[in-house]
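Input: a single structure, listed below in C-alpha cells.
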Amino acid sequence: LAKTTQPISMDSYEGQEVNITCSHNNIATNDYITWYQQFPSQGPRFIIQGYKTKVTNEVASLFIPADRKSSTLSLPRVSLSDTAVYYCLVGLIYGSSNTGKLIFGQGTTLQVKP
Amino acid sequence: DVKVTQSSRYLVKRTGEKVFLECVQDMDHENMFWYRQDPGLGLRLIYFSYDVKMKEKGDIPEGYSVSREKKERFSLILESASTNQTSMYLCASSEGHSPYEQYFGPGTRLTVT
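Chains A and B supply the protein sequences, listed in that same order. Residues in the first sequence are numbered from 278 upward in steps of one, following this note's numbering. Residues in the second sequence are numbered from 310 upward in steps of one, following this note's numbering.
Laid out in C-alpha cells, this is it:
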C-alpha cells in the first residue's frame, strides 16, 4: 500500500503563508491527491484535490510536481482558526490501484500563533 | 447545508457482541464510506458503497461488514466485537462525480471491553 509522509507538526504566525509538503513516493498512475482539515472532535473537512500541476480554490492551493511523488498544500495568510490537523491522502476510489483505495497520512498539526 | 449524521457519539460494547453503527446523509450522494481513526495511524478506509446494495472493501475490511439498503443510509456491522476494534469510527459521503470531496459525520467513539 502507498505510504504518505508529512511533518508531524508545524508552527506559524497569523498572516503568514504556510506550506505543508506530503511525500508519496509510490503513488500510482491513476491516484488522486486530496487534502483534508480536521478540528478536534470533528470529522475531516475537504480542502482541495488534484492530479497534477497546480490547483487553486478559495481557501488553498495545491502544487504537484511532474513526478507526482510529493505535493504541497499552501494556505495563504493563515489565521488562528486555521489551527488544525491537515491530512494528505492518495488513492483511487473507483477501480483497482496498487496503492490502495484511500490512504490518509498521519497528519500535520498546524499551530497558528498570534 | 450538507449533513452526515451518525447514530451515536459514544458507544460501549462487550467483547463478542454484535455492533451496528448507523450513518445517514441527506445530500442524495451516491458514495458512502466508513473509516476508523486511531492515534498514530490516521484514518483508514474500512468499506465504501457507490450505490444501493453495492459495496467494496477498503484497506482494512477484516472483522467488519456493511449494509446499504437505502441510498441515504450506510451501516457498519461488527459481527463479534473485539477489543482491537476500539476506535473512532467516521462515516462520510460524496457525489458520484466527485468521490474525493467527502463530507464527514462527527464520528462514533466505540469502546469494546
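Glycine is no exception: its CB is placed at the ideal position from the N, C-alpha and C atoms. Being a predicted model, the structure only gives us computed values, none of them experimental.
C-beta atoms of residue i and residue j nearer than 8 Å
i	j	result
A390(B)	V361(B)	no
T298(A)	G382(A)	no
N302(A)	K329(A)	no
V362(A)	G384(A)	yes
S351(A)	S338(A)	yes
I285(A)	T386(A)	yes
M397(B)	R345(B)	yes
Cross-chain neighbours of residue i in chain A, by beta carbon under 8 Å
i	result
F329(B)	Per Cβ cutoff of 8 Å: no residues; F329(B) is ~19 Å from chain A at best.
G325(B)	Within 8 Å Cβ-Cβ: nothing; G325(B) doesn't reach chain A, min ~29 Å.
Within chain A, the residues that residue i reaches when beta carbons sit closer than 7 Å
i	result
Q411(B)	F323
Helix, strand or coil at residue i [DSSP, three-state]
i	result
L387(B)	strand
Q394(B)	helix
N375(A)	At N375(A), the pLDDT of 46 sits below 50, so the modelled position is not reliable; the number obtained from the coordinates is stated separately. In this structure, N375(A) counts as coil in the three-state DSSP scheme.
K380(B)	coil
S358(A)	helix
L352(A)	strand
G368(A)	strand
Y328(A)	coil
V361(B)	coil
M336(B)	coil
R345(A)	coil
E331(B)	strand
L350(B)	coil
Listed by chain order, chain B residues near residue i by CB distance under 8 Å
i	result
G384(A)	G351
Q326(A)	Y409, E410
Distance between residue j and residue i (C-alpha atoms, nearest Å)
i	j	result
T354(B)	H406(B)	The sequence given here places Leu at residue 354(B); Thr does not occur at that position. Roughly 19 Å separates the two Cα atoms.
D308(A)	Q315(B)	29 Å
F340(A)	T395(B)	37 Å
T376(A)	L366(A)	Caution applies to T376(A), whose pLDDT of 45 falls short of 50 and renders its modelled position unreliable; the model cannot decide the point.
L385(B)	S358(B)	11 Å
T392(B)	V328(B)	13 Å
L330(B)	D288(A)	37 Å
C332(B)	L399(B)	9 Å
L379(A)	N340(B)	14 Å
L387(B)	Q411(B)	23 Å
Contact list for residue i against chain B, beta-carbon separation under 7 Å
i	result
Y309(A)	Y409
C-beta neighbour in chain C for residue i, strict 8 Å
i	result
Q314(A)	Given the protein chain composition of this structure (A and B), no chain C is represented.
Beta-carbon proximity list for residue i, same chain, < 7 Å, skipping 5 on both sides
i	result
D335(B)	K312, E381
V336(A)	I324
H338(B)	S402, S403, E404
S358(A)	none
Sequence-distant residues of its chain with Cβ nearer than 6 Å to residue i (five each side left out)
i	result
R354(A)	G292
T349(A)	N296, T298, F340
K322(B)	V328, A390, V421
Where residue i meets chain A, residues with beta-carbon distance less than 9 Å
i	result
G414(B)	G320
L399(B)	G320, P321
Where residue i meets chain B, residues with beta-carbon distance less than 9 Å
i	result
Y364(A)	G351, L352
Contact set for residue i: own chain, Cβ-Cβ below 8 Å, skip 5 residues either direction
i	result
P391(A)	Y290, E291, L357
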